[in-house]
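If you read the protein sequences in the order shown, they are chains H and Y. Numbering of the first sequence is given in the working numbering, commencing with residue 1 and proceeding in unit increments. Numbering of the second sequence is given in the working numbering, commencing with residue 1 and proceeding in unit increments. C-beta atoms are modelled at their ideal positions from N, C-alpha and C, and glycine is treated no differently. Keep in mind the model is a prediction, meaning the values are calculated, not measured.
Protein chains: 2
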Amino acid sequence: MNNPDAALREIDRAIDDLGATGVQMYTNVAGRPLDAPEYRPLFARMAERRLPIWLHPARPPSFADYAGEPRSKFDIWWAFGWPYETSATMARLVFSGLFDRHPDLAIITHHMGAMIPFCAGRVGGGLDQLGSRTDDPDDMAALGRLRKRPIDYFKMFYGDTALFGAWHAMESGLAFFGADRILFGTDMPFDPEKGNGFIRDTIEAMQKMRATDDERAKIYEGNARRLLRLQGFGRAS
Amino acid sequence: MNNPDAALREIDRAIDDLGATGVQMYTNVAGRPLDAPEYRPLFARMAERRLPIWLHPARPPSFADYAGEPRSKFDIWWAFGWPYETSATMARLVFSGLFDRHPDLAIITHHMGAMIPFCAGRVGGGLDQLGSRTDDPDDMAALGRLRKRPIDYFKMFYGDTALFGAWHAMESGLAFFGADRILFGTDMPFDPEKGNGFIRDTIEAMQKMRATDDERAKIYEGNARRLLRLQGFGRAS
């Protein structure tokens, strides 16, 4: 990503020569946000290829939580900093006009949209008031550049179910994104058992959450088959 | 708060002379976290007085989201930075052993526990592995100082319903904290209508969320009467 031209070529090689069904991007590139102009061709290419981008958070312990401290303690940078950075990146992409340029681009956010479903009220009535909280001229102009309310763009992302068994959070994500925009994922093998734990917990949460059989089938399988264009694999014909 | 001795005296004056039923603290004091040793007597005093602390987030636009930038854009510092800072503060208080020292202390977190309910899986199986992600000796030692799993302490906080109408997030908060630890709150008057909007939206969400009448009564009124010790006010006798 620090060489966008090379990344473009690698996208094409991965898809055309290696059969990749999408690419992963981290939420920052050596401290640069993904709405920086040099990354626009990468998003355009994935929209053109009609394949998804997986958005994965990245933040080190050196990103301090308090102005008076040199680093983050007690894994706060991981537990909350990762979902925070995913959410910040989603906001930056929204306000850059990405989804006005590429309304069909699929970006799969880790951990079910990070903070967005639970903060749906802040993203809704809160960001509708962008420009009223600071005198930054960029903030003032941002809403005027978009065709829709900010929250309508946040709903254009996809989420995965990697919430480590938090069934009530999965219900919140389902209510926010809808069943067509959620894909099954577990974060295996990063559980205390080094693999099986999060798979088991996520399947249990899938069964416990309030959802129809049709919604579960989309999340387990149907959405991945559609987004990754897996025609010809297994029982999808 | 920058003069803890004076803050202690003000707590006593507010409660004894003015009839206050609790105090508010912000999530940082000029960039210092609330687990700093000089604030311990304040938490001890509120535990002794058996009245709650309202925890309110505070973060300015100058707190940048990316290492390569000087400030936060598009109200990200507000939309996501405030819940992030509430969550970071909750973690700091948990790992300081606050609830081992004061198991009955009531801390009411704004916006329904901020990121904690949605991130219940990260707080659970994730923070159970504290010490495995860095070589910081403080992180390594933190779990050993606590009597319970981290998540069990996070469940000792209280949350308010100021989620601006996100009924599915309220259900997630209810599943995490339970009906005895949630209090009705709206964030009035900070909606686009300058008052009525968030009240109306929150009441609608209270009615729409999956909860029993008994749970709703606790959230609307019963928990506040108990925590604020409002015996003799209105219909509680």
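Cβ-Cβ separation, residue j to residue i (assumed contact under 8 Å), whole Å
i	j	result
F80 of chain Y	M115 of chain H	5 Å
G165 of chain Y	D201 of chain Y	3 Å
F184 of chain H	I219 of chain H	5 Å
H111 of chain Y	A47 of chain Y	H111 of chain Y to A47 of chain Y, Cβ: 24 Å. No contact.
W82 of chain Y	F63 of chain Y	With 8 Å as the limit, W82 of chain Y and F63 of chain Y do not qualify as a contact, their Cβ atoms being about 10 Å apart.
L34 of chain Y	L105 of chain Y	So it is not a contact: roughly 12 Å between Cβ atoms.
G113 of chain Y	G173 of chain Y	6 Å
D128 of chain Y	R149 of chain Y	6 Å
P192 of chain Y	G131 of chain H	Not quite, the Cβ-Cβ distance comes to about 12 Å (not below 8 Å), so this is no contact.
P117 of chain Y	A205 of chain H	Not a contact, Cβ separation roughly 14 Å.
A179 of chain Y	E215 of chain Y	4 Å
I15 of chain H	L42 of chain H	Between L42 of chain H and I15 of chain H the Cβ distance is about 13 Å, and since that is not below 8 Å, they are no contact.
Among the options, nearest to residue i - alpha-carbon criterion
i	options	result
R225 of chain Y	Y:D75, Y:P52, Y:M170	Y:P52
R181 of chain Y	Y:M170, Y:S87, Y:M156	Y:M156
A44 of chain Y	Y:R145, Y:A58, Y:E69, Y:A7	Y:A7
S87 of chain H	Y:R92, Y:I203, Y:N2, Y:D75	Y:D75
Y153 of chain H	H:G197, H:T186, H:I107, H:T161	H:I107
L55 of chain H	H:Y26, H:A30, H:P61	H:Y26
P4 of chain H	H:G19, H:R229, H:V29	H:V29
M1 of chain H	H:A67, H:D17, H:A36	H:A36
T186 of chain H	H:K208, H:M170, H:T161, H:F176	H:T161
R40 of chain H	H:G97, H:R71, H:W167	H:G97
E85 of chain Y	H:D139, H:D213, H:A67, H:M209	H:A67
R71 of chain Y	H:I203, H:W167, H:T134, H:D16	H:T134
T21 of chain Y	Y:L42, Y:R32, Y:R50	Y:R50
L163 of chain H	Y:V123, Y:G178, Y:A169	Y:V123
A91 of chain H	H:C119, H:N196, H:R59, H:W167	H:C119
Q24 of chain Y	Y:I151, Y:R9, Y:P57, Y:R32	Y:P57
D138 of chain Y	H:R32, H:K73, H:Q231, H:A211	H:K73
T212 of chain H	H:F176, H:E171, H:Q231, H:R229	H:E171
P60 of chain H	Y:R59, Y:W167, Y:D65	Y:D65
D100 of chain H	H:K194, H:L18, H:T109, H:R145	H:R145
A142 of chain H	H:F176, H:I151, H:T109, H:F95	H:F95
L228 of chain H	H:G19, H:R13, H:R9	H:G19
F177 of chain Y	Y:T109, Y:K194, Y:D136, Y:K208	Y:T109
Q207 of chain Y	Y:G195, Y:W167, Y:N223, Y:Q231	Y:W167
G31 of chain H	H:T89, H:D17, H:E69	H:T89
Where residue i sits in the DSSP three-state scheme
i	result
R181 of chain Y	helix
G159 of chain H	strand
A236 of chain H	Because the pLDDT of A236 of chain H is 46, which lies under 50, any placement of that residue in the model is unreliable, and the number read from its coordinates should be weighed accordingly. Coil.
I116 of chain H	coil
T86 of chain Y	helix
M238 of chain H	What the structure shows of chain H is the stretch from 1 to 237, and residue 238 of chain H is not part of that stretch, so it cannot be assessed.
R101 of chain H	helix
Q231 of chain H	coil
G32 of chain H	Per the sequence presented here, residue 32 of chain H reads as Arg, with Gly not at that position. Correct three-state label for R32 of chain H: strand.
A166 of chain Y	coil
G19 of chain Y	coil
N223 of chain H	helix
D152 of chain Y	helix
S96 of chain Y	coil
L146 of chain Y	coil
G125 of chain H	helix
R45 of chain H	helix
G173 of chain H	helix
D139 of chain Y	helix
A6 of chain H	helix
Beta-bridge pairing of residue i - partner residues as DSSP gives them
i	result
R40 of chain H	Per DSSP, none; premise fails for R40 of chain H.
I11 of chain H	Beta-bridge pairing links I11 of chain H to no other residue.
Q24 of chain H	H:W54
T109 of chain Y	Y:L55, Y:G159
Closer than 7 Å: residue i CB and nearest the ligand ZN heavy atom
i	result
W54 of chain Y	Absent from the structure shown: the ligand ZN. Ligands present: none.
Ranges of the alpha helix (DSSP H) found wholly within the region 54-84 of chain H, counting only runs of at least 4 = 76-79
If you scan the region 187-220 of chain H from start to end, which runs of the alpha helix (DSSP H) of 4 or more residues do you find wholly inside it?
-> 196-208, 213-217
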